[in-house]
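Chemist: Residue numbers for the sequence shown, in the working numbering: 2 to 257.
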Amino acid sequence: MTWSAKQYVKFENERTRPVRDLLAAVPGRAPRVAVDIGCGPGNSTEVLAASFPGASVTGLDSSADMIEAARKRLPALQFEVASIETWQAPGPYDLILANAVLQWLPDHGSLLPALAAKLAPGGSLAIQVPDTLDTPAHRLMRDVAADGPWAAQLAAAAQARTTLARPAWYYELLRAHCGTVDVWQTTYYHALAGGPAAIVEWFKGTGLRPFLDPLDEARRAAYLERYTAEVARAYPALPDGSVLLPFPRFFIVATR
Numbered sequence: 002m003t004w005s006a007k008q009y010v011k012f013e014n015e016r017t018r019p020v021r022d023l024l025a026a027v028p029g030r031a032p033r034v035a036v037d038i039g040c041g042p043g044n045s046t047e048v049l050a051a052s053f054p055g056a057s058v059t060g061l062d063s064s065a066d067m068i069e070a071a072r073k074r075l076p077a078l079q080f081e082v083a084s085i086e087t088w089q090a091p092g093p094y095d096l097i098l099a100n101a102v103l104q105w106l107p108d109h110g111s112l113l114p115a116l117a118a119k120l121a122p123g124g125s126l127a128i129q130v131p132d133t134l135d136t137p138a139h140r141l142m143r144d145v146a147a148d149g150p151w152a153a154q155l156a157a158a159a160q161a162r163t164t165l166a167r168p169a170w171y172y173e174l175l176r177a178h179c180g181t182v183d184v185w186q187t188t189y190y191h192a193l194a195g196g197p198a199a200i201v202e203w204f205k206g207t208g209l210r211p212f213l214d215p216l217d218e219a220r221r222a223a224y225l226e227r228y229t230a231e232v233a234r235a236y237p238a239l240p241d242g243s244v245l246l247p248f249p250r251f252f253i254v255a256t257r
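1) Could you pull out every residue in the same chain whose Cβ sits closer than 7 Å to the Cβ of L239, ignoring the five residues on either side in sequence?
2) Do A121 and Y94 come within 8 Å of each other at the CB atom, strictly closer than that value?
3) Beta strand (DSSP E) containing F246: first to last residue?
4) Could you give the DSSP three-state label for H178: helix, strand or coil?
5) Hey, would you say L24 sits closer than 8 Å to A127, going by beta carbons?
6) Any idea what DSSP makes of W88, helix, strand or coil?
7) Do the region 80-97 and the region 168-180 meet, that is, are 3 or more Cβ pairs less than 8 Å apart?
8) In the region 19-90, which residue ranges form an unbroken beta strand (DSSP E) of at least 3 residues, counting only runs that do not cross its ends?
9) Going by DSSP in three states, Q104 sits in which element: helix, strand or coil?
10) Between which residues of its own chain and A159 is the CB-CB distance below 6 Å, once the five residues before and five after are set aside?
11) Drop a sphere of 10 angstroms on the beta-carbon of W4, count the other beta-carbons inside from all chains shown, and report buried for 16 or more, exposed for fewer.
12) Count the other CB atoms, across all protein chains shown, that sit within 10 Å of the CB of A99; report buried if there are 16 or more and exposed otherwise.
13) I need the straight-line Cα distance from A192 to S243, nearest angstrom please.
14) How many angstroms separate the CA atom of P249 from the CA atom of V27?
15) In terms of alpha-carbon separation, which member of D66, A35, S84 and L103 lies closest to T163?
16) Per the DSSP calculation, V302 is bridged to which residue(s)?
17) For V184, which beta-bridge partners are listed by DSSP?
18) Within 10 angstroms of the Cβ of Q186, are there 16 or more other Cβ atoms? Answer buried if so, exposed if not.
19) Going along the chain, which unbroken runs of the beta strand (DSSP E) with 3 or more residues stay wholly within the region 119-167?
20) State yes or no: is the C-beta of G43 within less than 8 Å of the C-beta of R74?
21) Tell me whether L216 sits in a helix, a strand or coil according to DSSP, three-state version.
22) Which residue's Cα is closest to the Cα of T207: A177, A222, I68 and P131?
23) Closest to D22 by C-alpha separation, out of F212, F12, A219 and T188, would be which residue?
24) Should G180 go down as buried or exposed, given a rule of 16 or more other Cβ atoms within 10 Å for buried?
25) Given this structure, state the Cα-to-Cα distance separating A156 from L165, to the nearest angstrom.
26) Span of the alpha helix (DSSP H) holding P237?
27) By Cβ distance below 8 Å, which residues in the same chain neighbour Y190 in space, the five residues on each side in sequence not counted?
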């Protein structure tokens, strides 16, 4: 799956707000060694470094395009192209930040304990994931994918995202490895200028990637045309021409 830093940061303010809320909930002492896994173009890493100015901060992401953007944005910090699944650094880390990335990775039952094992005593694992698979925007991605000449090409697209378990499942999983676990959900309501088309632009940077990448230019345009029409029905424009996008997100802060 390809990622575009330019597309992702079109809605940077809205995408960055959750990581500010997440890091504000990290308890205890200021971390000395922190890492941002799945750092994207560096917007979350920038918040991490500003929140804990005394920390040594690094970032990693599997996308070379994202890492290039992060290095340009924050030349004083260290970034590397790396996959979270094969990340071997043992730590210990005082803070591991995983902002809007774990929804793309399977087997949370093994992954999260492995991340918690890299924490120093008193260290925190801070996680934020979109909880959007049941929202109209995502249901429509799947519906349009299944009903068109691209159906065979997109048969596996809906499996790219990991379905989140219940909050209690995550609590119990991490409570076995950490002294305290805090879980919560927040629904952000993003007012986007440009009407329903802005929602499509939003998801071009994230959720639509598995549906668009397999298609050639013509089919991609046809898919987007049909998807945009469905989004316009599901998310009507407000009188001023903007549109309100409800966006639920799930948060975890687990402290060892």
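Positions of the beta carbon are idealized from the N, C-alpha and C atoms, including for glycine.
Modeler: In short:
1) The residue given as residue 239 occupies position 238 in the sequence shown. Result list for L239: L245, in chain order.
2) Counting from 1 along the sequence shown, the entry for residue 94 is found at position 93. Counting from 1 along the sequence shown, the entry for residue 121 is found at position 120. In contact: Y94 and A121 (Cβ atoms closer than 8 Å).
3) Looking up residue 246 in the sequence shown gives position 245. A quick correction: the sequence has Leu, not Phe, at residue 246. That run of the beta strand (DSSP E) goes V244 to T256.
4) Reading the sequence shown from its first residue, position 177 is the one you call residue 178. In this structure, H178 counts as coil in the three-state DSSP scheme.
5) Within the sequence shown, the letter at position 23 stands for residue 24. Within the sequence shown, the letter at position 126 stands for residue 127. Yes, the Cβ-Cβ distance between L24 and A127 is below 8 Å.
6) Residue numbering aside, residue 88 sits at position 87 when the sequence shown is read from its first letter. The answer is coil: DSSP assigns W88 none of H, G, I, E or B.
7) no
8) 34-38, 57-62 and 79-82
9) On the sequence shown, position 103 is the one that residue 104 refers to. Note: Q104 maps to helix in three-state DSSP.
10) For the purposes of this step, residue 159 is identified with residue 158 of the sequence shown, where counting begins at 1. So the qualifying residues of the chain are R143.
11) Residue 4 sits at position 3 when you count from the first residue of the sequence shown. With a pLDDT of only 46 at W4, under the threshold of 50, the placement of this residue in the model should not be trusted, and no figure is reported.
12) Along the sequence shown, one-based indexing puts residue 99 at 98. Buried, since its Cβ has 16 or more Cβ neighbours within 10 Å.
13) Residue numbering aside, residue 192 sits at position 191 when the sequence shown is read from its first letter. Residue numbering aside, residue 243 sits at position 242 when the sequence shown is read from its first letter. Distance between the alpha carbons of A192 and S243: 7 Å.
14) Locating residue 249 in the sequence shown gives position 248, where the first residue counts as 1. Locating residue 27 in the sequence shown gives position 26, where the first residue counts as 1. If I take the Cα positions, the gap works out to 20 Å.
15) Start at 1 with the first residue of the sequence shown, and residue 163 comes out as number 162. Cα-wise, what sits closest to T163 is L103.
16) A query on residue 302 cannot be resolved here, the shown segment of the chain reaching from 2 to 257 and no further.
17) For the purposes of this step, residue 184 is taken as the residue at position 183 of the sequence shown. Answer by DSSP bridge pairing, in chain order: I253.
18) For the purposes of this step, residue 186 is identified with residue 185 of the sequence shown, where counting begins at 1. It counts as exposed.
19) 120-131
20) Walking along the sequence shown from the start, residue 43 turns up at place 42. Walking along the sequence shown from the start, residue 74 turns up at place 73. Cβ distance < 8 Å, so G43 and R74 count as in contact.
21) By one-based count along the sequence shown, residue 216 stands at place 215. The answer is coil: DSSP assigns L216 none of H, G, I, E or B.
22) Sequence index remark: in the sequence shown, residue 207 carries index 206 (1-based). Here the closest residue by C-alpha is P131.
23) For the purposes of this step, residue 22 is taken as the residue at position 21 of the sequence shown. Answer by Cα proximity: T188.
24) As a first step, residue 180 must be located in the sequence shown, where it is residue number 179. With fewer than 16 other Cβ atoms within 10 Å, it is exposed.
25) Looking up residue 156 in the sequence shown gives position 155. Looking up residue 165 in the sequence shown gives position 164. One C-alpha to the other measures close to 20 Å.
26) In the sequence shown, residue 237 corresponds to position 236, counting from 1. Taken as a continuous stretch (DSSP letters only), P237 belongs to no alpha helix (DSSP H), as it is neither H nor E.
27) Your numbering for residue 190 matches position 189 in the sequence shown. So the list reads L245, L246, P247 and F248, once near-sequence residues are dropped.
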